[in-house]
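4 protein chains.
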Amino acid sequence: MNGYSIRVGVLGAGGYSGRELVAILARHARVGIVFATSESDAGRPLRSICASAPELSLVRAAEAPLGECDAIFCCLPHGESMRWAGRARNAGAKVIDLSSDLRVVRADLPEWTRTAVYGLPELHRERIRGAELIANPGCYPTAAILALAPLVRRELIAGPVVINAASGVTGAGRSPKRELLFAEVAEDYRAYGTGNTHRHLAEMKDQVSGLAPGEAPELVFVPHLLPVHRGILETIHVPLRSELNGEAIDLWAEDYAGEPFIDLFREGTPSLRDVVRTNRVAIAVARVDGVRSPMLQVIAAEDNLVKGAAGQAVQNLNLMFGVPETESLA
Amino acid sequence: MNGYSIRVGVLGAGGYSGRELVAILARHARVGIVFATSESDAGRPLRSICASAPELSLVRAAEAPLGECDAIFCCLPHGESMRWAGRARNAGAKVIDLSSDLRVVRADLPEWTRTAVYGLPELHRERIRGAELIANPGCYPTAAILALAPLVRRELIAGPVVINAASGVTGAGRSPKRELLFAEVAEDYRAYGTGNTHRHLAEMKDQVSGLAPGEAPELVFVPHLLPVHRGILETIHVPLRSELNGEAIDLWAEDYAGEPFIDLFREGTPSLRDVVRTNRVAIAVARVDGVRSPMLQVIAAEDNLVKGAAGQAVQNLNLMFGVPETESLA
Amino acid sequence: MNGYSIRVGVLGAGGYSGRELVAILARHARVGIVFATSESDAGRPLRSICASAPELSLVRAAEAPLGECDAIFCCLPHGESMRWAGRARNAGAKVIDLSSDLRVVRADLPEWTRTAVYGLPELHRERIRGAELIANPGCYPTAAILALAPLVRRELIAGPVVINAASGVTGAGRSPKRELLFAEVAEDYRAYGTGNTHRHLAEMKDQVSGLAPGEAPELVFVPHLLPVHRGILETIHVPLRSELNGEAIDLWAEDYAGEPFIDLFREGTPSLRDVVRTNRVAIAVARVDGVRSPMLQVIAAEDNLVKGAAGQAVQNLNLMFGVPETESLA
Amino acid sequence: MNGYSIRVGVLGAGGYSGRELVAILARHARVGIVFATSESDAGRPLRSICASAPELSLVRAAEAPLGECDAIFCCLPHGESMRWAGRARNAGAKVIDLSSDLRVVRADLPEWTRTAVYGLPELHRERIRGAELIANPGCYPTAAILALAPLVRRELIAGPVVINAASGVTGAGRSPKRELLFAEVAEDYRAYGTGNTHRHLAEMKDQVSGLAPGEAPELVFVPHLLPVHRGILETIHVPLRSELNGEAIDLWAEDYAGEPFIDLFREGTPSLRDVVRTNRVAIAVARVDGVRSPMLQVIAAEDNLVKGAAGQAVQNLNLMFGVPETESLA
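Protein chains in written order, with this note's numbering: chain A, 1 to 330; chain B, 1 to 330; chain C, 1 to 330; chain D, 1 to 330.
As structure tokens, this is what we get:
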């Protein structure tokens, strides 16, 4: 391959994930950006989004030259994204869809959506290499699934897993809403999607089911909004069938040996600072003291815009096109 | 009683709790501040701490006229506080100790500490009225105990309760430490006291035991540090022995009827903003969907410096001296 | 006067100034709130805005019983506010208008607007006492005018005064705008209204002209947006006609002797923390070293929502109705 | 040159500038890090500072193999830094000193310090290429000097220039101090170094004198502390000798044509967000309206840790060793 071998397009470059994606692609040695779309900013330079981007003007999606791309990223709103993913596939491009549209297989979706591979490389690397359509994982599920996989595979979980998660505001999008104003968010903190009703839950359950040899463990998930830009931290309590032998973290070390983006903390616990602006998921594990039945506390952190969205999307691109998996990712 | 009937002293006015306490006392219609101490700022005006305070100079604890006070607040570091509480008692003053020293009865403590009443008015109002020594509750325990009491009393809890808590930085004190610098805390979020080892746990367990008719439920507690000044939010998952009949929140409504500082949310969930700068604990309850065994999600919020420290201390003072319980508290 | 002697209404209670005003009025010993309006939240309890407010429902402005009030506060958008101020005057109420509509006398405004008194008590206390219509000063002008008045009156200023100001985001209102999102404002800082074009400038010039015995000094004003909720700090450089004798701050001490809400700093300089949640303006003055022509540096701080809006409005109310000027203000 | 051609050492890697420097060097294609020192963290892995750094342990300065390096960066406290710069020079390394020790030529300094070149590439590029000792500019002076140079060179300035500056907290260092705690800084904003006494002023004056064909203009400088991590914004008011012809910004465009790290804003004004995590200085210029004598408003922004410290240091390294000037800098 020479320098500009993968021609890519970005549908929906104006949101926080789209902007992060453009920034990662702009420094990618094997990628050329063919187009980037924004309905509200069409006509303005792409550099207004990312100073190091090539000299292009943003266009409307309807004007995007889908057929000139090897790969197209869809960062459009949930619902709309799938429609454009279909058009991009028809135009001959491989597609990486960052919306939630294709993450869970649903009987009511068109036939072509069945080919979508869930783009979590640590679990599905080989299938991703051969995929033409990727459902890029959600931010909360990425951390939760990677945190739980070693326990799920080994059928070690005895009861409902409580996933207490907190995310920076970029996870809530860039549309102007009163509840996202600085004056409302700063100095505040709150739960949302209470009662175990968040839309990311189906995606987590679906993936956990796929990993479980037998019955999948029950999941309880409650997200919170943090007064920070970016980063997700999940504090997870897992009732175990029996005490683990040895260091609990060794299970994760075994499963994630050689993984470039999994950081295991053998001492201390990860904080947002450890992962923000990287494609890494940091994981720590601790036995819960003072309870009669064995329980583990797993803490996982990631950047919601990178490993939770744009970084993972480029990790998938790298796998799909035979580029080193870590190219342009830290 | 006339205007300045309760003469009070504050040992340790320079920390965040002490400063908040001085501010509340300064606007209290029935209180006169006799002295306030600060080892590092002795000699400086009390108004450097609180503009609306009376014209006094801060003194060293050793110079404080303990014997001139009806009541003395100890806001000294854990360990040191008990020593001064003893001196204040010997000088004839009633004492409200904001440290953790007296909150849990311990066989190795001196005889006189046994008279300490745990100053949580919603549970122990009558004993507080007659007390001469108050162990003012910790910030995390206040919210957790009030959130759980209705379930504990009715023996509804089936298994380990997971208390996921997050607090603003004023809970960590005012001593200069690198990990509390703005440049370290802002844009970050992390768990601490992992593995169920936090020192507040014993206090929670002790109070929950006192409420439980039979065996007390197990508690798992994990605190996190939020990039905000003040406020605590606890998200608590409680496995139940059986499904509740009716609205779950009705149990709290029954137990806390008439309580001036308990806010029950029948819709929405409390955020820090709802309680910061007030003496209130806000509580919401939701059934957890999609799990086979019944589980409740209880969310409780308070201001760690007010209901979690100085405000509750004044609430106790009001009870001990027959002043309206809400005086100078919002 | 007995307890509830001044019946007041609030037009536009949903914005940040309106909410602050409701909170101040709710704790005011001589005020009863008759109505409060919000077009978007009509029907919801006033307590959703301020927990300590009386039990009222918010109403639309069109439904407000203007005629039942002794005084009405207009916190409506600039332009619309004057229209409602007129209606409130016609209904017989005294009016305090927090918009900019009436602050500068303009030939194209209706006759009745000429009676408006500029509600800066430190300059116009006697006229305020007798006023029936108050133009409540803007947040930036309040600090700037009070900072400069002692120099203007004495004709000490030699050339253009450079007012470098920074404000928290509540000054920009509560309407959802992208540039006010947490994800845009946090970790950022920027100037706006560059080139000396900000709309508050006319108001400053008008008041400074009124104070100047001869020709008024030129003003250069540049505001900045701070990532904080509230507070304004203005750093002002003033070229002087000649070196001052004695301590510069003595001029301010002379002019503001006995003023309850002016805090002069003889050492140190004020920061937002010194004034936030108070009705105070804090002022420090320093000679500028190392320049050939004499120059003063004046630093003034206030809370934009209190002394810069709602607090000053209540200070004016107190004056107009013969209540102690500091009632319900800290 | 092959991959690892420049062997560098970092004295003082534990502060904010040092950490930023390690991160930039770690991704530099032509640099190998030989050592990095930290007195407090000696023995810990360099990766505890920067995850992408090579596998080295931090050492004490006394153990650093100075003689094995082509270039050594001194990020030590002011005062101490010069001493180590001397040792590094004696060991044969080229030195880039990030402290203020060598920035202003002083008669009382040792002879060898006279060879120091002020490392502002946009002004002194050729001398930097040939230098063996660099005094890396201060954060505030970098922005101020670059903002003013086009006016100074042309002798357009008529009177005192007022430089109103604001910086994020990382500019104040990483030592634990109470006034830098999150609970003190967040929601606050204040001036420091009032009265034109800041230690950076001499550096600014020295450089401005060097640029001025005749008498140098007077400078008035007042810094403020912002509740953000990083970034400096300077709002500068400059009285002019006469109105400029044409677009004012054209002067900057002429002087900085081809400069890789100067961004001129022909519309809008720069905010911190435009420059943070880059090595750029963004500049906008506006005529001041409504004043009789001509005045310009110049706004300049940079990242205090990058262009104001570590990034500029690497830009200097690149020049000194014939590497492309923008290598590893964004």
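Just so you know, even glycine gets a beta-carbon here, dropped at the ideal spot from N, CA and C.
Report yes if the CB atom of residue i is closer than 8 Å to the CB atom of residue j, and no otherwise.
i	j	result
D/ALA313	D/PHE35	no
B/PRO342	B/ASP274	In this structure chain B extends from 1 to 330, so residue 342 of chain B is not present and cannot be described.
B/ARG103	B/VAL95	no
C/GLY9	C/LEU98	no
D/GLY311	D/ILE134	no
B/LEU218	B/VAL161	Residue identity check: residue 218 of chain B is Glu in the sequence provided, not Leu. Cβ distance < 8 Å, so B/GLU218 and B/VAL161 count as in contact.
B/GLY18	B/SER40	no
D/VAL281	D/ALA71	no
B/LEU11	B/CYS75	yes
C/ARG174	A/ALA186	no
Since residue i and residue j are thought to touch, with beta carbons under 8 Å apart, how far apart are those beta carbons, to the nearest angstrom?
i	j	result
D/ASN316	D/ILE128	6 Å
A/TYR189	A/LEU226	6 Å
D/TRP252	D/ILE283	6 Å
D/ARG7	D/CYS69	5 Å
C/ASP108	C/MET82	About 12 Å; that fails the 8 Å criterion.
Taking residue i as the query, report the chain B residues whose CB atoms sit under 9 Å from its CB, ordered along the chain.
i	result
C/ALA301	Correct list: empty, because the minimum Cβ distance to chain B is about 13 Å.
D/TYR16	ALA183
Taking residue i as the query, report the chain B residues whose CB atoms sit under 8 Å from its CB, ordered along the chain.
i	result
A/THR37	Result: empty, since nearest Cβ-Cβ is about 30 Å, beyond 8 Å.
If you follow the alpha helix (DSSP H) that residue i is in, where does it begin and where does it stop?
i	result
B/LEU317	311-320
A/ALA107	Neither: A/ALA107 is in no alpha helix (DSSP H) and is coded neither H nor E.
D/ARG287	No alpha helix (DSSP H) contains D/ARG287, which is instead part of the beta strand (DSSP E) from 281-287.
If you compare alpha carbons, which of the options is closest to residue i?
i	options	result
A/LEU244	A/ILE232, A/ALA257, A/PRO213, A/LEU296	A/LEU296
B/TYR140	B/THR115, B/ALA166, B/PHE265	B/ALA166
B/ARG230	B/ARG44, B/PHE221, B/ARG47, B/ALA172	B/ALA172
A/GLU327	A/ALA26, A/PRO45, A/ARG19	A/ALA26
B/ALA288	B/ALA282, B/THR235, B/LEU211	It is Val, not Ala, that sits at residue 288 of chain B in the sequence shown. The residue with the shortest Cα to Cα distance from B/VAL288 is B/THR235.
D/ALA216	D/GLY86, D/GLY268, D/GLU155, D/GLU111	D/GLU155
C/ALA93	C/MET320, C/GLU325, C/ARG174	C/MET320
A/HIS78	A/GLY138, A/TYR118, A/ARG87, A/ARG47	A/GLY138
B/ASP263	B/ARG241, B/ARG292, B/ILE232, B/ALA301	B/ALA301
A/ALA62	A/THR37, A/PRO54, A/ALA85	A/THR37
C/PRO270	B/LEU329, B/HIS28, B/GLY32, B/ALA51	B/ALA51
B/GLY86	B/THR113, B/PRO260, B/ALA330, B/VAL105	B/THR113
C/GLY159	C/GLY246, C/PRO110, C/TYR118, C/HIS237	C/HIS237
Which residues of chain D have a Cβ atom closer than 8 Å to the Cβ of residue i, listed in chain order?
i	result
B/VAL169	LEU181, PHE182, ALA183
C/GLU218	GLY290, VAL291, ARG292
May I ask which residues mark the beginning and end of the beta strand (DSSP E) holding residue i?
i	result
A/GLY210	Per DSSP, A/GLY210 belongs to no beta strand (DSSP E); it is in the alpha helix (DSSP H), 200-211.
D/ARG7	6-11
C/SER167	161-167
A/PHE35	31-36
B/ASP263	262-265
Whose Cβ in chain D lies nearer than 7 Å to the Cβ of residue i?
i	result
C/GLU155	The contacting residues do not exist; C/GLU155 stays about 17 Å from chain D at best.
C/GLN315	Within 7 Å Cβ-Cβ: nothing; C/GLN315 doesn't reach chain D, min ~24 Å.
Just to make sure I have the definition right: I need the residues of chain D whose C-beta is within less than 9 Å of the C-beta of residue i. Which are they?
i	result
A/THR278	ALA51, SER52
B/GLU187	HIS229
B/LYS177	PRO176, LEU181
In chain A, which residues lie less than 8 Å from residue i when you measure between Cβ atoms?
i	result
B/ARG106	Those do not exist, as B/ARG106 stays about 18 Å from chain A at its closest Cβ, beyond 8 Å.
Please list, in chain order, the chain C residues whose beta carbon lies closer than 8 Å to that of residue i.
i	result
B/ALA330	ALA51, SER52
I want to verify the contact list: residues of chain C whose CB lies under 7 Å from the CB of residue i, in sequence order.
i	result
D/GLY290	ASN196
Taking residue i as the query, report the chain B residues whose CB atoms sit under 7 Å from its CB, ordered along the chain.
i	result
A/VAL162	VAL162, HIS237
Can you list the residues of chain A that residue i reaches, using a CB-CB cut of under 7 Å?
i	result
B/LEU120	The premise fails here: B/LEU120 is roughly 22 Å from chain A at the closest Cβ pair, so nothing lies under 7 Å.
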